[in-house]
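A.B. asks: For reference, the structure I am asking about is given below.
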């Protein structure tokens, strides 16, 4: 058992220990499922009328520590499924009973979908399930595939985190249960580090910073999952998107424009309708009988621009890019700040090329992504998202193998670290997913390059090859930022809102030392000069102390602050106050206004993270 | 009778002469209405099974000329309405009978809506209509208010234009009639000029040029009224919109971003739901019970950004701008190229300010529009769109008077020509509409500044005034281009697709004289140099004659063409071929490559229409 497997077994054993404690404290408890999740575990519990809160955690943890101290061995037994059902009935565990009955009816394929781990289906079982396994510790028995650690004493360090509502099997028509989450690590030190990270993440929560820094707002009248971006937030969006466009523009990508709606016929051909039809926003025309939908992706529209002209091999690659918003009908319970929204703006691109050109195109995109993310001070890693043996993938297996091999060749040639994730492919082809690592050690999927043989065929896209014969091009789907809203949710937390000069909504704040006319005029004149250079500058001329004004600028995390008083006016020099994270030298020195302004301008243009001042 | 009234009477008399001719040729004819329209007239006719075509026009015109030659006087009679109805019955004119019956029931208010002119309602008639008037020429009599010219000989020059289907009273459930259109002017010379203009407009039709110049496409799969813009067309859109943003950015406008959908509650508060509810695209969520709509305007969303913070008088004016697409559910019969689309991209802005600040803001917008349109080589005129006495305007009359006076003061102070159009206001306030005049002498409403006291009140928007008390700001709605799609439909026809360098999708085309490696390398190197400067350049290296390649570039209306051969390579100089309309001197001279490239770059930057080469 390697380290990861051990951690997994440990966390899963803790889920059982939590359930043991719950059963001891509330014998009427009925249990749902209790799987391992990132950094810990949870268990779904039905306590009848009893409502758990974080105030119960001390009692619960105390009880769990007793069970741990008892060092009860985890003992495995296998029983025929009928016997297991009888056990569930006898012990008043209707949720387990329901799962077992489903399992009996449907066999392993269904079992896998129903979370096989929880169901105690032995690995490698045939399609018809005969036996299931139980694990027992002390007087608690649970249906479970395992594996577990040897005994309750071997579970490392843990802490209960929170309790929230969760519908049985995720369906809001079912009973609402209570989901108790815990985090767990092998050592106290690791746990402590993780808890500190969580605390830091709370401080950096992009929803909180979004409000404090006046970046975006939600309105009850507009609706959930539909953020509106203020002038400050719009600067962030536009600067990021402009960078992405600049990088791709340099590689020959041309901008196109498509509407946000389409007749559903477009998706019937692309295959999206069959796959995602019930996740789309439907659009009803009151004037015509058109059946329209909001676009949840841009590729089918872009194929229609390609298809509007006859194309030759000499025209390829044809590279379209577009910053445009797609709409996905997310369940309201899944919406979360900017991480999960219903209006998703992508820096999307589609390349139509020959199979031979894929490597060159993908490799250029990888390099562009590397430039983007290193500028943003984030490390990238690469995941090859391949198909698994499941259903729902379009196209022949041989084509998939070729496509997957092509992508693996690309990342090998780039000599970058990658790993393969089976089952993560799009339904029309495999992907290279770009994973960004943030300052808190978290990993986020951001950019992506997807290979697609399917849509060119379905839309009958063609080019004339060197022999004058028609052929289907290959399509690459690529984004560098992905969803700019989601990326911002990551990046705001990565930087804690301390944006580099090129992204800072307000780059320089000018504070007046007093409200005399000469001072105010000088500040306003400076403002005009800076604006002329294209800098984003504001004057704070409020009738407040300079100390208060400096603190206000710090709260807004403005990179540079200039205080203007008689000294500055006389000398024509300023001593800029630099935001701490940007400093490379601790002492600020006086410099001419023009010099300060042109340095800031150059820093913004060069997209640096540290200042040379 | 002034010139316009005379032209109107002349055209209306021609409609009667057309009907006279129709009745003589097809005695079974039943007549609908026959009003005056821009540049001419039409008459709606029901000929039973007989289908008219343009081939019948020679016969029809010959018959009309006979009637004109007979110089029959137009004689007016007034009869009680019951008698008129009896006349219609007797003469088998069911459409006239229906109109007269409606008129009898509903009185003048309805009569006005039903096109009073056609109905023969005497001007100034009381709300209950007692009498209607008829006009007779020769053996033809028609229900008509008049006035007419004295006799059929006094109708100037005319030509029949086209025939199309038209539902009786515009309702597709009614009988389809045949609408015969004619154009008419006082003199043959004026008519000829107009016909030439029509021919020129046909050549310049933006739908035709859109296809020839590869600017935009429609896809049956995406749907009608939903254009997709190719890379070339997207350059046009983006350059125009960037110019509009640059002009407003210089005036302190800040970009914001809003989603394209909203809960309908937003419009219930704004008042748009009651007014336009049945013209909106409804959006159905399959995951939630939210009732959403696509935004048909941006103001209500923008109020929510304003409302997200407390505002002080020192913060005003707050100026938001956003290039964003709105959606309007147009009837499919009304869609037309880019002139009338369902996806409408606006260079929209909203200013929140005090009443005192309105003049300054509106005057800046007028100046910005003047800069924009003079750069685009179009003349502007100004229309004050005020309310009339009709229903549906929100807010008190006194507030409207103040608002209208404010706007009139602005245009007076700007010393610009304007006229007042009653009944053209938005439902929430009066507007200054900017009318652009194109090269064919046509006038189009483009930009607009609208004053709005209503929405700030309805959304309870506030700022704290100098005395510390809350107050509603005033809202200004403004766009410089208006709908970029509609503007393009005008501008493509205005320029006949000969875009100035700053807008040209392809600014320079490099043609190779031969396909030798040295030539191709030189051309490719030149291409790279030009791209480095941000120019939009392409190489035509096809195995074709130079003559053919030059003609291809001319078809695409590329401003500059360079032919590269041994001479150019040896000398490092080029003799650019300049598109005719841009020339100020007729002789092209040789100049260094660098000089050529930097001149083109500067011309693009300065947005000039003529070249200095």
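Chains as they are written, first to last, in my numbering: chain A, 1 to 613; chain B, 1001 to 1613. Virtual Cβ for every residue (Gly too), placed ideally from N, Cα, C.
1. Using a beta-carbon distance below 8 Å, is residue 1287(B) in contact with chain A?
2. Taking 8 Å as the CB-CB limit, is residue 1032(B) close to chain A?
3. Ignoring anything shorter than 3 residues or poking outside the segment 201-278 of chain A, list the beta strand (DSSP E) runs there in chain order.
4. Residue 1222(B) and residue 304(A) look like a contact to me (Cβ under 8 Å); what is the Cβ gap, rounded to whole Å?
5. Helix, strand or coil for residue 1283(B)? Go by DSSP, reduced to three states.
6. Measure from the C-beta of residue 301(A) to each C-beta in chain B and report whether the shortest distance is under 8 Å.
7. Please give me, in chain order, every unbroken run of the beta strand (DSSP E) with length at least 3 that falls completely inside the segment 294-359 of chain A.
8. Provide the residue(s) that pair with residue 45(A) in DSSP beta bridges, ordered along the chain.
9. Is it true that the segment 1066-1082 of chain B meets the segment 1146-1157 of chain B, where meeting means three or more beta-carbon pairs spaced less than 8 Å apart?
10. If residue 613(A) and residue 561(A) are in contact, beta carbons under 8 Å, what's the gap, nearest whole angstrom?
11. Taking the alpha-carbon of residue 1455(B) as reference, which of 1448(B), 1169(B), 1270(B) has the nearest alpha-carbon?
12. Any idea what DSSP makes of residue 399(A), helix, strand or coil?
13. Nearest to residue 399(A) by alpha carbon, out of 430(A), 298(A), 188(A)?
14. Considering residue 1082(B), what are the terminal residues of the alpha helix (DSSP H) in which it resides?
15. Looking at the C-beta of residue 1435(B), does it have a partner C-beta in chain A at a distance below 8 Å?
16. Which whole-angstrom value is the C-beta distance of residue 1283(B) and residue 294(A), which I expect to be below 8 Å?
17. Using 8 Å as the threshold, is the segment 1373-1390 of chain B in touch with the segment 1403-1423 of chain B, meaning 3 or more CB pairs across them?
18. Check whether the Cβ atoms of residue 359(A) and residue 410(A) sit closer than 8 Å, and answer yes or no.
19. Does any residue of chain B bring its CB to less than 8 Å from the CB of residue 491(A)?
20. Applying a beta-carbon distance threshold of less than 9 Å, which residues of chain A neighbour residue 1256(B)?
21. Going along chain A, which residues have a C-beta under 8 Å from residue 1266(B)?
22. Is the shortest distance between the beta-carbon of residue 555(A) and the beta-carbons of chain E less than 8 Å?
23. What does the alpha-carbon distance come out to for the pair residue 1120(B) and residue 1373(B)?
24. Determine the direct distance from the alpha carbon of residue 391(A) to that of residue 126(A), and round the result to whole angstroms.
25. List, in order along the chain, the chain B residues whose C-beta lies closer than 8 Å to that of residue 297(A)?
26. I want to verify the contact list: residues of chain B whose CB lies under 8 Å from the CB of residue 262(A), in sequence order.
27. Going along chain A in order, which residues have a C-beta closer than 8 Å to the C-beta of residue 1520(B)?
28. On the three-state DSSP scale, how would you describe residue 375(A)?
29. Here's a check: name, in chain order, each residue in its chain whose Cβ is nearer than 6 Å to the Cβ of residue 609(A), leaving out the five neighbours to either side.
30. Ignore the nearest five residues each way along the sequence and tell me which others in residue 247(A)'s own chain have a CB closer than 8 Å to its CB.
31. Within the continuous alpha helix (DSSP H) that includes residue 1510(B), where are the two ends?
32. By the criterion of Cβ-Cβ separation under 7 Å, what are the contact partners of residue 305(A) in chain B?
33. Please decide whether residue 1377(B) counts as near chain A, where near means a Cβ-Cβ distance under 8 Å.
34. Identify whether residue 52(A) lies in helix, strand or coil by the three-state DSSP scheme.
35. Report the neighbours of residue 456(A) on chain B: residues whose CB is nearer than 8 Å to its CB, in chain order.
36. Does chain A have any CB closer than 8 Å to the CB of residue 1115(B)?
C.D. replies: Short version:
1. The sequence position of residue 1287(B) within the second chain is 287, counting from 1. Yes, its Cβ sits closer than 8 Å to a Cβ of chain A.
2. The residue given as residue 1032(B) occupies position 32 in the second chain. By this cut-off, residue 1032(B) is not an interface position.
3. Annotation note: the segment 201-278 of chain A contains the following uninterrupted beta strand (DSSP E) runs of length 3 or greater, listed N- to C-terminal: 261-263.
4. For the purposes of this step, residue 1222(B) is taken as residue 222 along the second chain, with counting starting at 1. For the purposes of this step, residue 304(A) is taken as residue 304 along the first chain, with counting starting at 1. Residue 1222(B) to residue 304(A), Cβ: 6 Å. Contact.
5. Along the second chain, read from residue 1 onward, the residue named residue 1283(B) stands at position 283. Three-state DSSP puts residue 1283(B) in a strand.
6. Counting from 1 along the first chain, the entry for residue 301(A) is found at position 301. So yes, residue 301(A) belongs to the interface.
7. Whole beta strand (DSSP E) segments, 3+ residues: 318-327, 343-353.
8. On the first chain, position 45 is the one that residue 45(A) refers to. According to DSSP, residue 45(A) bridges with 31(A), 178(A).
9. A contact exists between the segment 1066-1082 of chain B and the segment 1146-1157 of chain B.
10. Looking up residue 613(A) in the first chain gives position 613. Looking up residue 561(A) in the first chain gives position 561. That belief does not hold up - the Cβ atoms of residue 613(A) and residue 561(A) are roughly 12 Å apart, past 8 Å.
11. For the purposes of this step, residue 1455(B) is taken as residue 455 along the second chain, with counting starting at 1. If you compare the alpha carbons of 1448(B), 1169(B), 1270(B) with that of residue 1455(B), the shortest gap goes to 1270(B).
12. As a working note, residue 399(A) is residue 399 in the first chain. In the three-state scheme derived from DSSP, where H, G and I count as helix and E and B as strand, residue 399(A) is classed as helix.
13. By one-based count along the first chain, residue 399(A) stands at place 399. Ranking 430(A), 298(A), 188(A) by Cα distance to residue 399(A) puts 430(A) first.
14. Sequence index remark: in the second chain, residue 1082(B) carries index 82 (1-based). Taken as a continuous stretch (DSSP letters only), the alpha helix (DSSP H) holding residue 1082(B) covers 1081-1090.
15. Stepping through the second chain from its first residue, residue 1435(B) is reached at position 435. Residue 1435(B) does not count as touching chain A.
16. The count along the second chain starts at 1 and reaches residue 1283(B) at position 283. The count along the first chain starts at 1 and reaches residue 294(A) at position 294. With 8 Å as the limit, residue 1283(B) and residue 294(A) qualify as a contact, their Cβ atoms being about 7 Å apart.
17. The segment 1373-1390 of chain B is in contact with the segment 1403-1423 of chain B.
18. As a first step, residue 359(A) is located in the first chain; it is residue number 359 there, counting from the start. As a first step, residue 410(A) is located in the first chain; it is residue number 410 there, counting from the start. With respect to residue 410(A), residue 359(A) sits close: the two C-beta atoms are nearer than 8 Å.
19. Numbered from its first residue, the first chain carries residue 491(A) at position 491. It does not: the Cβ of residue 491(A) has no partner Cβ on chain B nearer than 8 Å.
20. Numbered from 1 along the second chain, position 256 holds the residue referred to as residue 1256(B). Residues of chain A whose Cβ lies closer than 9 Å to the Cβ of residue 1256(B) are, in chain order, 228, 229, 230, 231, 233, 234.
21. Position 266 of the second chain, counted from the start, is the residue given in the question as residue 1266(B). 219, 221, 222, listed in chain order.
22. This model lacks chain E altogether, as its protein chains are A and B.
23. If you number the second chain from 1, residue 1120(B) lands on position 120. If you number the second chain from 1, residue 1373(B) lands on position 373. Low local confidence applies: a pLDDT of 47 at residue 1120(B) is under 50, so the model's placement there is unreliable, with the coordinate-based value given in what follows. Taking the CA atoms as reference points, residue 1120(B) sits about 43 Å from residue 1373(B).
24. Sequence index remark: in the first chain, residue 126(A) carries index 126 (1-based). Sequence index remark: in the first chain, residue 391(A) carries index 391 (1-based). Legend: pLDDT at residue 126(A) = 44, less than 50; position of this residue unreliable, no value from coordinates given.
25. For the purposes of this step, residue 297(A) is taken as the residue at position 297 of the first chain. In chain B, no part has a C-beta under 8 Å from the C-beta of residue 297(A); the shortest such distance is about 14 Å.
26. Along the first chain, one-based indexing puts residue 262(A) at 262. By Cβ distance, chain B contributes 1221, 1222, 1223, 1226.
27. Along the second chain, one-based indexing puts residue 1520(B) at 520. Under the 8 Å cutoff, chain A gives no residues; its nearest Cβ is about 13 Å from residue 1520(B).
28. The count along the first chain starts at 1 and reaches residue 375(A) at position 375. Collapsing the DSSP output to three states places residue 375(A) in a helix.
29. Residue numbering aside, residue 609(A) sits at position 609 when the first chain is read from its first letter. Scanning its chain for C-beta atoms nearer than 6 Å, with the 5 sequence neighbours on each side dropped, one finds around residue 609(A) the residues 377, 500, in chain order.
30. Counted from its first residue, the first chain places residue 247(A) at position 247. These residues qualify, in order along the chain: 368, 371, 372, 480.
31. In the second chain, the residue the question calls residue 1510(B) occupies position 510. In this chain, residue 1510(B) is not harboured by any alpha helix (DSSP H); it is covered by the beta strand (DSSP E) spanning 1508-1512.
32. The sequence position of residue 305(A) within the first chain is 305, counting from 1. Simply 1217, 1228, 1230.
33. As a first step, residue 1377(B) is located in the second chain; it is residue number 377 there, counting from the start. Closer than 8 Å: no.
34. In the first chain, residue 52(A) corresponds to position 52, counting from 1. If DSSP states are grouped into helix, strand and coil, residue 52(A) belongs with coil.
35. Along the first chain, read from residue 1 onward, the residue named residue 456(A) stands at position 456. Within 8 Å Cβ-Cβ: nothing; residue 456(A) doesn't reach chain B, min ~15 Å.
36. Position 115 of the second chain holds residue 1115(B). Confidence at residue 1115(B) is low in this model, with a pLDDT of 43, below 50, so its placement is unreliable and the value that follows should be read with caution. By the rule that beta-carbons nearer than 8 Å mark a contact, residue 1115(B) does not touch chain A.
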